[in-house]
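Enquirer: First the structure, then my questions, so here it is.
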Amino acid sequence: MELSAFPGFLFSVFDRFTVLTVFFTVFALALDYMKRRKKCQNYPPGPRGLPFIGNIHQVDLNNPHLSFAKLWKKYGDVVGVQFGWSNKVILNGYETLKEALVKKSEDFADRPDLAIYKDMTERVGEGIIFARYGQWWKEQRKFSLLTLRNFGLGKKSLEMRIMEEAGFLNKEFEDEKGRPFDPHFIIVCATSNIICSIVFGKCFQYQDQTFLGFLKILEEIFELEGAFWGQLLNTFPFIRHFPGPHNKIFESQKKAIDFVQEIVTEHKKSWDPNEPRDFIDAFLAEQEKKKNVPGTSFLENNLMGTVLDLFIAGTETTSTTLRWGLLYMMLHPDVQSKVHEEIDSVVGKERKPTLEDREEMPYTNAVIHETQRLGNIVPISLPHQTYRDTEIMGYTIPKGTTIIPNLSSAMFDENIWSTPHQFNPGHFLNSEGKFVKQEAFLPFSAGRRVCLGEQLAKTELFLFFTYMLQQFTFHVPENESRPSYMEAKYGTTLSPLPYRLCAKLR
């Protein structure tokens, strides 16, 4: 090539590069527009998103429920947002949640595929909580509820088991001899042992290092999945193929699966289909019965997923609620004194509380409900997905749209609660001091996807709470700063920041 032609050659290469750059930029923007454009008329209003990332920059991924509260005030009860290329609709306010989750429960009963659970579901099946809506989910949920009842749910035998565990919990508190301590894992062990007795057919000592390791892994999973990296992974699934902190989620999930797999393997060595000892045995028996049925959901990997789901449903929310409850009692000694008075009046100091006492203890019952409301343990329900094209509050929602039920909006609705941001048991009491139910109280969600462990959780909360308050007075340790309930740690659940307390025998 002659030297005089070289500048022209460079210009030609540069010109082609510019054309290609413009072409691919236009192509990418057109693709982004097609991916993010609204699929129907009359779609819910919402903030304008940026190319490729949508509205993800407008949401605090460490506290998404706070960001959703701001969007609610600005755009109304039904808000359309985009995370990456995924269209999502946030439902706010009790009336909106009721219409979607209760009145049109099947329309909103599906689940989206979430990147954070992809590896897990490939190994252990969909289970119940994350299963897509359909015959498999219906079959597993029906079987699980029936089997839980067969092993004591709603019966006196399980109540006695909870009362026994509550006694062990109190003994752990008593052994601290009034010294400051963090009650976190003592409470988690107690609540976990209840579901362990149903699902695994065994309980664990509070000092069992293998068991404690499993509980710590589960806590790590809850924290990681719901916080920044879990949210980011669900928005941009391709990052799962790259190194980074998000891989800790998959590592923790694998450890939890290995723990359950070991227990299932041991069960298979000794189970008797005619005499099931626990949920795992009952599932194995059903699996054997339906091994030749085409399309059955009773597969071994699905057993693993279902067991993990039951353990999660029966542990995390209950233990977190009790931790909030003790924190509120420390910070509101006047409320704690009234609970003491009611327990002493109805139960006394010698007899142990039973579930039958709940009807005669409206104030204590109100305190537990207010703990659930203000503690806001599940501020955002697990995401739903529309099963078919539907409408909500006059807006059209296409099939396959991810739905975010903002439960916080009902629990703090200023049109319903007189003092929504204060701890006030009066929210659940009438003028005569009798307990009253509140429709907007949705700690377990509602409709077809209502929490599987709701009945168990309600029983545990009353018995554990009254057992602790019957025996102890809880107060802030001397010379330590007063903990606050205005801050919390967001994960799959909203939990109090670590705190210490003193448990003084009454």
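Using the numbering used here, the letters of the sequence shown map in sequence onto residues 1153 to 1658.
Ideal Cβ placement from N, Cα and C applies to all residues, glycine included.
(1) Where DSSP assigns a beta bridge to Asp-1694, which residues make up the other side?
(2) What residue range is occupied by the uninterrupted alpha helix (DSSP H) comprising Lys-1290?
(3) Would you mind giving the Cβ-Cβ distance between Thr-1542 and Ile-1532, rounded to the nearest angstrom? I have them listed as a contact below 8 angstroms.
(4) For Ser-1449, list the residues DSSP reports as bridge partners.
(5) Keeping to the same chain, check which residues put their C-beta closer than 7 angstroms to that of Glu-1258; ignore five residues upstream and five downstream.
(6) Is it buried or exposed for Pro-1395, if we count other Cβ within 10 angstroms and need 16 for buried?
(7) How is Gln-1488 classed by DSSP in three states: helix, strand or coil?
(8) When the Cα of Ala-1437 is compared with those of Lys-1225, Phe-1411 and Leu-1451, which residue comes out closest?
(9) Contact between the region 1341 to 1358 and the region 1476 to 1486 is defined here as three or more beta-carbon pairs at a separation below 8 angstroms; is this criterion met?
(10) Given this structure, state the Cα-to-Cα distance separating Ser-1296 from Asp-1265, to the nearest angstrom.
(11) Hey, Gly-1466 and Gly-1605: beta-carbon distance below 8 angstroms or not?
(12) Which residue from Met-1481, Gln-1623, Ala-1518 and Lys-1504 puts its Cα closest to that of Asp-1327?
(13) Using a Cβ distance threshold of 8 angstroms, determine whether the region 1407 to 1415 contacts the region 1356 to 1370, with at least three qualifying pairs required.
(14) Is the beta carbon of Leu-1594 closer than 8 angstroms to that of Leu-1646?
(15) Does Tyr-1637 have its Cβ less than 8 angstroms from a Cβ in chain C?
(16) Confirm, please, whether the CB-CB distance from Met-1481 to Arg-1525 is below 8 angstroms.
(17) Counting beta carbon pairs with one atom in the region 1514 to 1530 and one in the region 1328 to 1340, are three or more of them shorter than 8 angstroms?
(18) In the structure shown, what three-state DSSP assignment does Lys-1641 receive?
(19) Examine the Cβ distances between the region 1230 to 1242 and the region 1202 to 1212 and report whether three or more of them are shorter than 8 angstroms.
(20) If I measure Cβ to Cβ from Ile-1347 and keep anything under 7 angstroms in the same chain, skipping five residues before and after, which residues do I get?
(21) Rounded C-beta distance between Ala-1640 and Leu-1649? I'm assuming under 8 angstroms.
Expert: Checking against the coordinates, here is how it stands:
(1) Limits of the chain in this structure are 1153 at one end and 1658 at the other, which puts residue 1694 out of reach.
(2) Against the sequence shown, residue 1290 aligns to sequence position 138. Lys-1290 -> alpha helix (DSSP H) spans 1287 to 1302.
(3) Here residue 1542 refers to the residue found at position 390 when the sequence shown is read from its first residue. Here residue 1532 refers to the residue found at position 380 when the sequence shown is read from its first residue. The pair is not a contact, with the Cβ atoms about 20 angstroms apart (cut-off 8 angstroms).
(4) Along the sequence shown, read from residue 1 onward, the residue named residue 1449 stands at position 297. Paired residues: none, contrary to the question.
(5) Here residue 1258 refers to the residue found at position 106 of the sequence shown. Here the set comprises Tyr-1539 and Arg-1600.
(6) If you number the sequence shown from 1, residue 1395 lands on position 243. Label assigned to Pro-1395: exposed.
(7) Numbered from 1 along the sequence shown, position 336 holds the residue referred to as residue 1488. DSSP places Gln-1488 in the helix class (H, G or I) of the three-state scheme.
(8) By 1-based counting over the sequence shown, the position of residue 1437 is 285. Nearest of Lys-1225, Phe-1411 and Leu-1451 to Ala-1437, Cα basis: Leu-1451.
(9) Counting Cβ pairs under 8 angstroms, fewer than three are found: no touch.
(10) Residue mapping note: residue 1296 aligns to position 144 of the sequence shown, counting from 1. Residue mapping note: residue 1265 aligns to position 113 of the sequence shown, counting from 1. If I take the Cα positions, the gap works out to 22 angstroms.
(11) Within the sequence shown, numbered from 1, the residue matching residue 1466 stands at position 314. Within the sequence shown, numbered from 1, the residue matching residue 1605 stands at position 453. With a cutoff of 8 angstroms on beta-carbon distance, Gly-1466 and Gly-1605 are scored as near each other.
(12) As a first step, residue 1327 is located in the sequence shown; it is residue number 175 there, counting from the start. Ranking the options by Cα distance to Asp-1327, first place goes to Gln-1623.
(13) Per the Cβ contact rule, the region 1407 to 1415 is in contact with the region 1356 to 1370 (3 or more Cβ pairs under 8 angstroms).
(14) The residue labelled residue 1646 in the question sits at position 494 within the sequence shown. The residue labelled residue 1594 in the question sits at position 442 within the sequence shown. No, Cβ-Cβ distance for Leu-1646 and Leu-1594 is not below 8 angstroms.
(15) Within the model displayed, chain C is absent; a lone protein chain is all it includes.
(16) Walking along the sequence shown from the start, residue 1525 turns up at place 373. Walking along the sequence shown from the start, residue 1481 turns up at place 329. The Cβ atoms of Arg-1525 and Met-1481 lie no closer than 8 angstroms to each other.
(17) The region 1514 to 1530 and the region 1328 to 1340 do not touch, with fewer than three beta-carbon pairs separated by less than 8 angstroms.
(18) Position 489 of the sequence shown holds residue 1641. Reduced to three states, the DSSP call for Lys-1641 is strand.
(19) As far as the Cβ criterion goes, the region 1230 to 1242 touches the region 1202 to 1212, which means the pair count is three or higher.
(20) In the sequence shown, the residue the question calls residue 1347 occupies position 195. If we look at Ile-1347 and ignore the five residues flanking it on each side, its Cβ neighbours are Leu-1462, Phe-1463, Gly-1466 and Thr-1467.
(21) Along the sequence shown, read from residue 1 onward, the residue named residue 1640 stands at position 488. Along the sequence shown, read from residue 1 onward, the residue named residue 1649 stands at position 497. Ala-1640 to Leu-1649, Cβ: 7 angstroms. Contact.
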